[in-house]
Amino acid sequence: MKPTTLIKMLVMGFIASDARRQIARARGRLARRGQPTIHYFHQVDDPHSHLAVQKIDALANRYKVRFKFHLVQNPTDHEQGDALRFPVWALRDARAIASDYGTELPQNIDQIENHQAKHAESYLSRYLADSDFAREAVAIGHRLWSGDPIEELPASNAAADGSALRTKLGHWLSATFYFEGEWYWGVDRLVHLENRLRDMGLSNAPGGICVPRPTPEPLGDKDASAVTLEFFPSLRSPYTAISFDRAIALAQRTKVKLKLRPVMPMMMRGVPAPRVKQLYIMTDTKREADYYGQKFGPVVDPFGEPVKRAFALLPFMAEQGLSIDYCANYLRAAWCEGVDITTKQGLQQVVEETGANWQEAQNQLANNIWKPLLENNVSDMLAAGLWGVPSFRVTGGTIEEPFCCWGQDRLWRVESEISRRSV
């Protein structure tokens, strides 16, 4: 292993380590003044914020913490990754999960006008230090998403101030909770926040958590053979690495038609990923892996030519019916076992573990057949309004309209969609 590869592996390993997490939490505790405080960052025209704020009063009643509220502005185009698709995806995603989380999101309009958002910010800025903030934010959010006009008030700088604090603390999204060194985005990650608060002895009551993750709709005896699941993974994606086996197991369990459609990594497609986003992805992936009882790390990042070599073997593996095993073994080697897949020796190990002949595989490394294959997959993924991985598209069965979603934390929703389309 080259020294540079080793150093990068050690750095990435520390970022995703339990030790780093404990250090961040310890620093947060040392900085505490008085009662434990959760900072919540709310964007008035963000649909995920509208879901998250509906859970705050329940959390405040359950735990011995206080909330400090902040209004924030929209992430920059650079932070969003795909500024054209980001707001459309956010609304579609929030609508897809709202009812399962016991929240409401009016569907009267698809976009809130900028001046209405500014009026709502001015209104809510008066409640930032008030325990009624969540209630007021829910009410004003319902009005915004219902298309009801918000009266004009004097302009406020609260969102700019909140955005500055969010940047200082190390995040870029809204619907985010920050507690003593750790970030939690959206209703999905509240399970981690609640488990942490319970471990700290801050719960006021025994029993379950306030915001559990949804249970998929059971397939039961229904037949899903007419349903197709398209799975868009990348070989350079920590989130794909911890969800690939679960996605394949879901397809096998439900007996849907599975189409594996690998895509080029986002950063190799020109999608920006600021350093703060890269750091959060690594720490969040580790947290999610722990939640699902999966291993994550040590990591050898296959960015650049190494992952291109891996992609070059995809047509060869497909001919032998080994595509799924090959991708699974590669992801495991790179993201869970610390195999140096930047070298041909590391790739050889993956190929042979998959059951393919290395000598035959080597002859395929110079081919370009894989390029149009991946380009076509990316094109279809983008056409579905998605740009990140892992992404999923469910079609067929009793529902005509496709269902598309992004994220390993949406596999439960994919499973529910399969059930809804089955007979």
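Following this note's numbering, the numbering of the sequence shown begins with 1497 at its first residue and continues without gaps. For every residue, glycine included, the Cβ atom is placed at its ideal position computed from N, Cα and C. The structure presented is a predicted model; accordingly, all values stated were derived computationally and were not measured.
Does DSSP put residue 1564 in a helix, in a strand, or in coil? For the purposes of this step, residue 1564 is taken as residue 68 along the sequence shown, with counting starting at 1. Reduced to three states, the DSSP call for residue 1564 is strand.
Beta-carbon gap between residue 1793 and residue 1509 smaller than 7 Å: The residue given as residue 1793 occupies position 297 in the sequence shown. The residue given as residue 1509 occupies position 13 in the sequence shown. For residue 1793 and residue 1509, yes; Cβs fall inside 7 Å.
Relative to the C-alpha of residue 1603, which candidate in 1644, 1563 and 1610 has its C-alpha closest? Taking the first residue of the sequence shown as position 1, residue 1603 is located at position 107. The option with the nearest alpha carbon to residue 1603 is 1644.
In the DSSP assignment, the beta strand (DSSP E) including residue 1887 goes from what residue to what residue? Against the sequence shown, residue 1887 aligns to sequence position 391. Start and end: 1887-1892.
Can you list, in chain order, the stretches of the alpha helix (DSSP H) that have 4 or more residues and sit fully within the stretch 1724-1765? 1734-1737 and 1740-1750
Could you give the DSSP three-state label for residue 1668: helix, strand or coil? Taking the first residue of the sequence shown as position 1, residue 1668 is located at position 172. The answer is coil: DSSP assigns residue 1668 none of H, G, I, E or B.
In chain order, which alpha helix (DSSP H) runs of at least 4 residues are fully inside the stretch 1793-1858? 1801-1808, 1810-1815, 1819-1831, 1840-1850 and 1854-1858
Sequence-distant residues of the same chain with beta carbon closer than 8 Å to residue 1642, five excluded per side: Residue numbering aside, residue 1642 sits at position 146 when the sequence shown is read from its first letter. Around residue 1642: 1602, 1604 and 1605.
With contact counted as at least three CB pairs below 8 Å, one residue from each stretch, are the stretch 1691-1702 and the stretch 1749-1768 in contact? no
CA-to-CA distance, residue 1697 to residue 1625, given in whole angstroms: Walking along the sequence shown from the start, residue 1625 turns up at place 129. Walking along the sequence shown from the start, residue 1697 turns up at place 201. Each residue's alpha carbon lies about 26 Å from the other.
Three-state secondary structure (DSSP) of residue 1585: Taking the first residue of the sequence shown as 1, we reach residue 1585 at position 89. DSSP places residue 1585 in helix when its eight states are reduced to three.
Span of the alpha helix (DSSP H), counted from its first residue to its last, around residue 1913: Residue mapping note: residue 1913 aligns to position 417 of the sequence shown, counting from 1. Per DSSP, residue 1913 belongs to the alpha helix (DSSP H) from 1907-1917.
Select from 1723, 1826 and 1905 the residue whose C-alpha is nearest the C-alpha of residue 1787. On the sequence shown, residue 1787 is found 291 positions in, with the first residue counted as 1. Here the closest residue by C-alpha is 1905.
With 16 other CB atoms within 10 Å as the buried threshold, where does residue 1799 fall? The residue given as residue 1799 occupies position 303 in the sequence shown. Residue 1799 should be labelled exposed.
Between residue 1755 and residue 1724, which are expected to be in contact by the criterion C-beta below 8 Å, what is the C-beta distance as a whole number of angstroms? By one-based count along the sequence shown, residue 1755 stands at place 259. By one-based count along the sequence shown, residue 1724 stands at place 228. With a Cβ gap of about 6 Å, residue 1755 and residue 1724 count as contacting.
Taking only three categories from DSSP, how would you classify residue 1621? Residue numbering aside, residue 1621 sits at position 125 when the sequence shown is read from its first letter. Of the three classes helix, strand and coil, the one that applies to residue 1621 here is helix, per DSSP.
When you compare the CB positions of residue 1539 and residue 1730, do they come within less than 7 Å of one another, or not? Numbered from 1 along the sequence shown, position 43 holds the residue referred to as residue 1539. Numbered from 1 along the sequence shown, position 234 holds the residue referred to as residue 1730. Taking 7 Å as the Cβ cut-off, residue 1539 and residue 1730 do not qualify as a contacting pair.
Rounded to whole angstroms, what's the CA-CA distance from residue 1623 to residue 1614? Just pull it up for me. The sequence position of residue 1623 within the sequence shown is 127, counting from 1. The sequence position of residue 1614 within the sequence shown is 118, counting from 1. Computed Cα separation, rounded: 15 Å.
Taking just the CA atoms, how far does residue 1521 sit from residue 1676? To locate residue 1676, count along the sequence shown from 1; it is residue 180. To locate residue 1521, count along the sequence shown from 1; it is residue 25. Near 6 Å, if we compare the C-alpha coordinates of residue 1521 and residue 1676.
Check whether residue 1861 and residue 1814 have beta carbons under 7 Å apart: Position 365 of the sequence shown, counting from 1, holds the residue named residue 1861. Position 318 of the sequence shown, counting from 1, holds the residue named residue 1814. Result no, Cβ atoms of residue 1861 and residue 1814 do not sit closer than 7 Å.
Can you name the start and end residues of the beta strand (DSSP E) that residue 1902 belongs to? Within the sequence shown, numbered from 1, the residue matching residue 1902 stands at position 406. Residues 1899-1902.
Which stretch, first to last residue, makes up the beta strand (DSSP E) that contains residue 1784? For the purposes of this step, residue 1784 is taken as residue 288 along the sequence shown, with counting starting at 1. Per DSSP, residue 1784 belongs to no beta strand (DSSP E); it is in the alpha helix (DSSP H), 1771-1787.
Distance between residue 1710 and residue 1914 (C-alpha atoms, nearest Å): If you number the sequence shown from 1, residue 1914 lands on position 418. If you number the sequence shown from 1, residue 1710 lands on position 214. Cα to Cα, residue 1914 sits roughly 15 Å from residue 1710.
When the Cβ atoms of the stretch 1865-1874 are set against those of the stretch 1834-1854, are three or more pairs found closer than 8 Å? no
Nearest-angstrom Cα distance between residue 1609 and residue 1713? Residue numbering aside, residue 1609 sits at position 113 when the sequence shown is read from its first letter. Residue numbering aside, residue 1713 sits at position 217 when the sequence shown is read from its first letter. If I take the Cα positions, the gap works out to 36 Å.
Please report how far the alpha carbon of residue 1796 lies from the alpha carbon of residue 1910, in whole angstroms. What you label residue 1796 is simply residue 300 of the sequence shown in a count that begins at 1. What you label residue 1910 is simply residue 414 of the sequence shown in a count that begins at 1. Near 30 Å, if we compare the C-alpha coordinates of residue 1910 and residue 1796.
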